[in-house]
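With this note's numbering, the residue at position 123 of the sequence shown is 246, and numbering never jumps. Written below as structure tokens is the structure these notes are about.
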Amino acid sequence: MKELSIYIHIPFCVRKCLYCDFLSFSVGTGSDDGDNYVNQIAPANEKKIESYVNLLCDEIRCSAPPYGQYRVISIFFGGGTPSLLPVGTVSRILDWIREHYHVAEDAEITIEMNPETVDEKKLKEYITCGINRLSIGLQSADDAELKRIGRIHDYRTFEKVYRAARRIGFDNINIDVMSALPDQNLDDYMRTLRQVTALAPEHVSAYSLTLEDDTPLCDRRAEFRFPTDEEEREMYRRTGEYLAENGYHRYEISNYAREGFECRHNKVYWQRGNYIGFGLGAASMAENVRWNDPVDMERYQAYVEQLARSTDKTGGRRIRENDVKLFDLQPLTVREQMEEFMFLGLRMMRGVDGQTFYEVFGESMEELYGKVIDKLCGYGVLVREQGRIRLTEQGIDVSNFVMSQFLFD
Ligand code: SF4
Numbered sequence: 124m125k126e127l128s129i130y131i132h133i134p135f136c137v138r139k140c141l142y143c144d145f146l147s148f149s150v151g152t153g154s155d156d157g158d159n160y161v162n163q164i165a166p167a168n169e170k171k172i173e174s175y176v177n178l179l180c181d182e183i184r185c186s187a188p189p190y191g192q193y194r195v196i197s198i199f200f201g202g203g204t205p206s207l208l209p210v211g212t213v214s215r216i217l218d219w220i221r222e223h224y225h226v227a228e229d230a231e232i233t234i235e236m237n238p239e240t241v242d243e244k245k246l247k248e249y250i251t252c253g254i255n256r257l258s259i260g261l262q263s264a265d266d267a268e269l270k271r272i273g274r275i276h277d278y279r280t281f282e283k284v285y286r287a288a289r290r291i292g293f294d295n296i297n298i299d300v301m302s303a304l305p306d307q308n309l310d311d312y313m314r315t316l317r318q319v320t321a322l323a324p325e326h327v328s329a330y331s332l333t334l335e336d337d338t339p340l341c342d343r344r345a346e347f348r349f350p351t352d353e354e355e356r357e358m359y360r361r362t363g364e365y366l367a368e369n370g371y372h373r374y375e376i377s378n379y380a381r382e383g384f385e386c387r388h389n390k391v392y393w394q395r396g397n398y399i400g401f402g403l404g405a406a407s408m409a410e411n412v413r414w415n416d417p418v419d420m421e422r423y424q425a426y427v428e429q430l431a432r433s434t435d436k437t438g439g440r441r442i443r444e445n446d447v448k449l450f451d452l453q454p455l456t457v458r459e460q461m462e463e464f465m466f467l468g469l470r471m472m473r474g475v476d477g478q479t480f481y482e483v484f485g486e487s488m489e490e491l492y493g494k495v496i497d498k499l500c501g502y503g504v505l506v507r508e509q510g511r512i513r514l515t516e517q518g519i520d521v522s523n524f525v526m527s528q529f530l531f532d
């Protein structure tokens with residue numbers, strides 16, 4: 124049976140963080156008094172969220188027919204803040220997926236959480252409905268840093284949620300941390316890492332803050348001192364060293380795990396497995412065809428309604444093949460597939476395997492890319508090892524450059 128992964132996008136947050144340019148909307152009460160935000164969705168937005176979940180469920184149902192022969196190996200609730208959904212909603216969506224797809228018994232099922240939106244009741248709901256991996260957005264253990272970037276939670280709330288999750292029985296938890304925050308120095312950042320490892324999560328994702336245009340933090344950048352590129356690289360290097368000393372191996376540029384706890388869902392993206400995304404702006408790639416759901420709510424609604432009509436007419440048989448325009452399908456050429464295979468594969472520390480390349484494409488990686496590989500090995504940014512190629516430490520620092528070299532003209 125072929126494998127499939129499912130992504131569910133929940134585009135709502137209590138309040139936008141100051142650095143965020145993800146597709147998400149503020150739906151909170153606007154309260155900034157340090158109270159607990161659990162279930163603090165502004166009443167006017169409750170209906171909006173409910174309508175969105177109804178659309179999402181329709182999309183899930185109507186997209187199912189072509190995937191009758193696929194086994195779902197991972198499900199990921201991302202956002203936005205999926206954990207702000209009212210109690211009962213996540214389990215409803217999950218039941219709905221199980222009703223329409225073959226979800227493997229041992230599927231990895233993750234939900235992203237903002238600590239301020241979770242309580243024991245929600246955690247119990249999650250474990251009961253089969254969620255077996257939590258991804259908690261901490262970002263920093265320093266409350267002043269959290270405030271500077273507009274996070275709604277403090278460290279104490281995070282720790283309370285983390286300990287409750289352990290007590291309830293979650294044994295696979297990721298903690299997100301960020302470096303290169305405003306006014307942060309290396310010591311500050313290392314303090315966060317130490318506090319995180321003291322809790323012994325199974326997985327750590329560590330990203331540098333990127334100042335995106337048109338975000339409030341970018342507009343206010345003159346008020347802060349941001350780490351220089353050099354300091355940022357040093358934070359990155361120290362992350363790898365420190366986490367390795369504490370039992371976490373880096374398996375992707377920004378992801379670290381204890382043995383056996385690499386994120387199965389994200390590996391599907393990097394290894395070009397089949398995945399379908401549901402919800403506003405969600406991206407999909409199945410059988411070498413990519414498509415994206417609309418990013419505008421009205422267009423998303425029209426899209427789901429059209430999808431429902433097509434499904435009813437055709438019984439859902441290969442509807443995506445029949446309506447390229449509606450679904451904005453982008454079939455990938457073999458060359459594009461090869462490019463993706465290389466630059467997504469190189470994100471992983473084990474790199475890209477020449478034999479697998481041959482099995483997938485029937486062509487030799489060395490014949491196609493030999494000159495590029497020679498050049499990059501010469502620069503010291505790539506290394507050949509037993510039929511594989513992978514980034515060196517130096518290569519990680521310039522990974523965008525290295526990956527761009529694998530694009531065909
Ligand atoms: S919680 Fe995440 S998605 Fe929501 S505003 Fe903050 S960074 Fe963006």
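C-beta: ideal position from N, C-alpha, C; glycine also. These numbers come from a predicted model, not from an experiment.
**Request:** Could you round the C-beta distance between residue 377 and residue 328 to whole angstroms and report it? I think they count as a contact, below 8 Å.
**Result:** 6 Å
**Message:** Is there a Cβ of chain C sitting closer than 7 Å to that of residue 291, yes or no?
**Reply:** Chain labels in this structure do not include chain C; a single protein chain is all it has.
**Prompt:** Pick from 325, 410, 337, 431: whose alpha carbon is nearest that of residue 382?
**Reply:** 325
**Request:** Taking residue 319 as part of the alpha helix (DSSP H), name the residues at either end of that continuous run.
**Result:** 309-321
**Request:** May I have a chain-ordered list of the alpha helix (DSSP H) segments no shorter than 4 residues that lie completely inside the segment 318-386?
**Result:** 339-342, 352-368
**Prompt:** Comparing alpha-carbon positions, which option in 485, 475, 482, 479 lies nearest residue 496?
**Reply:** With distances taken between Cα atoms, residue 496 lies closest to 475.
**Prompt:** residue 203 and residue 134 look like a contact to me (Cβ under 8 Å); what is the Cβ gap, rounded to whole Å?
**Reply:** 5 Å
**Asked** Are residue 197 and residue 236 touching if we call contact CB-CB under 7 Å?
**Response** Not closer than 7 Å, so no.
**Message:** Please state whether the Cβ-Cβ distance between residue 194 and residue 223 is less than 7 Å.
**Reply:** no
**Prompt:** How would you call residue 226, buried or exposed, if buried means at least 16 neighbouring beta carbons within 10 angstroms?
**Reply:** buried
**Heavy atom of the ligand SF4 within 6 Å of residue 170 beta-carbon** = no
**Asked** Who are residue 193's beta bridge partners in DSSP?
**Response** 125
**Message:** Going by the DSSP bridge assignment, what does residue 259 pair with across the sheet?
**Reply:** 236, 298
**Request:** Look at residue 313 and residue 262 and say whether their C-beta atoms are less than 7 Å apart.
**Result:** no
**Prompt:** If you measure from the CB of residue 200, is any heavy atom of the ligand SF4 nearer than 6 Å?
**Reply:** no
**Request:** Determine, using beta carbons only, whether residue 306 and residue 347 come nearer to each other than 7 Å.
**Result:** yes
**Request:** Can you check DSSP and say which residues form a bridge with residue 201?
**Result:** 132
**Request:** Could you say which of 190, 456, 510, 274 lies nearest to residue 412 if we only look at CA atoms?
**Result:** Distance check between residue 412 and each of 190, 456, 510, 274 places 456 closest, using alpha-carbon atoms only.
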